[in-house]
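Taking UniProt numbering, I'd label the letters of the sequence shown as residues 1 to 226.
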Amino acid sequence: MNLTANVSDNDDLGEVFQGDDRPNLAGTNLTDRLLGTVEMNILHGRESNDFIDAQGGSDRLYGRENDDYILGGDGDDKIWGGQGNDYIEGSAGNDLMFGESGSDHLLGGDGSDRLLGHKDNDYLSGDLGADTLTGGQGRDVFAISLGMDGLTLEAADVITDFNVQEDFIDLMDSATAGGLTSESLNITQGTGNYTNDLIIQHQATGEYIAILLGIQPSEISLIQFI
1 MNLTANVSDN DDLGEVFQGD DRPNLAGTNL TDRLLGTVEM NILHGRESND
51 FIDAQGGSDR LYGRENDDYI LGGDGDDKIW GGQGNDYIEG SAGNDLMFGE
101 SGSDHLLGGD GSDRLLGHKD NDYLSGDLGA DTLTGGQGRD VFAISLGMDG
151 LTLEAADVIT DFNVQEDFID LMDSATAGGL TSESLNITQG TGNYTNDLII
201 QHQATGEYIA ILLGIQPSEI SLIQFI
């Protein structure tokens, strides 16, 4: 294993672990950098605020405690944030991401991803591909944007547990010319397999952006679009 220590007198800094010769790495109880390879890695951050970059392969990544920054890289990754307010990015591949406890920021990246915030107030963005987003407990924000989905319902993101009492929809590119605004959307009741669900579609392009399971159009208001 290629192991290089940070040069610092700060006792809060840990070490840099690189998985050149072994696929499984675990950090210390200090602030560590864990770097994987293009192969499959299992990386454990443990305590403190860790930076974990799998770099490639279908990996399993664990942030554990405190506020971690975790990048999946290419491949179909499984990522657990653990405790703390974590930033988790799946990147390319069909990833499974768990924020767990804390107010987490989950970004799916390219591919059909599953994002689960779990506890507290989370921010979930599926990004490219047909993604499934579950906020869990807390006041969650689900991000939607143009050009991330497609012209069929099967290409849209699915939001499984939107709570009309406390959750919000973030129109990510609302400040740009031609970007999403609440007025640019068709919000309709689904049909067929989506009879009980709310459909969000862009009027001008016909792109299906999101499906809110178990929600009726009459239940949602414009103030929930931010």
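Don't be surprised by glycine CBs; every beta carbon is placed ideally from N, CA and C.
Since the model is a prediction, treat every value here as computed from it, not as a measurement.
- Judged by pairs of C-beta atoms under 8 Å, the region 125-143 does not touch the region 182-196, as fewer than three such pairs exist.
- CA-CA distance, GLY57 to ASN94, rounds to 12 Å.
- Residues VAL164, ASP167, PHE168, ILE169 of the same chain have their beta carbon placed closer than 8 Å to that of GLN224, with the five preceding and five following residues left out of the count.
- For ASP161 and GLY214, the gap between their C-alpha atoms comes out near 8 Å.
- With a cutoff of 9 Å on beta-carbon distance, GLY84 and ASN49 are scored as near each other.
- DSSP places GLY192 in the helix class (H, G or I) of the three-state scheme.
- DSSP places SER218 within a helical segment (H, G or I) once states are collapsed to three.
- For ARG46, there is no enclosing beta strand (DSSP E), as DSSP marks it with neither H nor E.
- When secondary structure is reduced to three states using DSSP, GLN201 falls in the strand class.
- The beta carbon of SER101 is closer than 6 Å to those of GLN83, LYS119 in its chain, skipping five residues each way along the sequence.
- For ALA26, same chain residues with a beta-carbon under 7 Å away, outside a window of 5 residues either side, are HIS44, ARG46 in chain order.
- For HIS118, no beta strand (DSSP E) encloses it, and the DSSP letter there is neither H nor E.
- Boundaries of the beta strand (DSSP E) harbouring GLU89: 87-89, taken from the DSSP string.
- Spatial neighbours of THR134 in its own chain (CB-CB distance under 6 Å, excluding positions within 5 residues in sequence) are listed in chain order as LEU116, THR160, ASP161.
- In the DSSP secondary-structure assignment, ASP170 is bridged to ALA143.
- Closest in alpha carbon position to PHE142, among THR195, ILE211, ALA92, TYR123, is TYR123.
- Secondary-structure assignment with DSSP links LEU107 through a beta bridge to GLU89, SER125.
- Per DSSP, the beta-bridge partners of PHE51 are ARG33, TYR69.
- CA-CA distance, THR181 to LEU171, rounds to 7 Å.
- When C-alpha distances from ILE211 are compared across PRO217, ASP157, SER184, the shortest belongs to ASP157.
- For LEU153, the three-state secondary structure derived from DSSP is helix.
- When beta bridges are read from the DSSP output, LEU25 appears opposite LEU43.
- Judged by DSSP in its simplified three-state form, ILE187 adopts strand.
- For SER91, the closest alpha carbon among the candidates PRO217, ASP76, GLY81 is that of ASP76.
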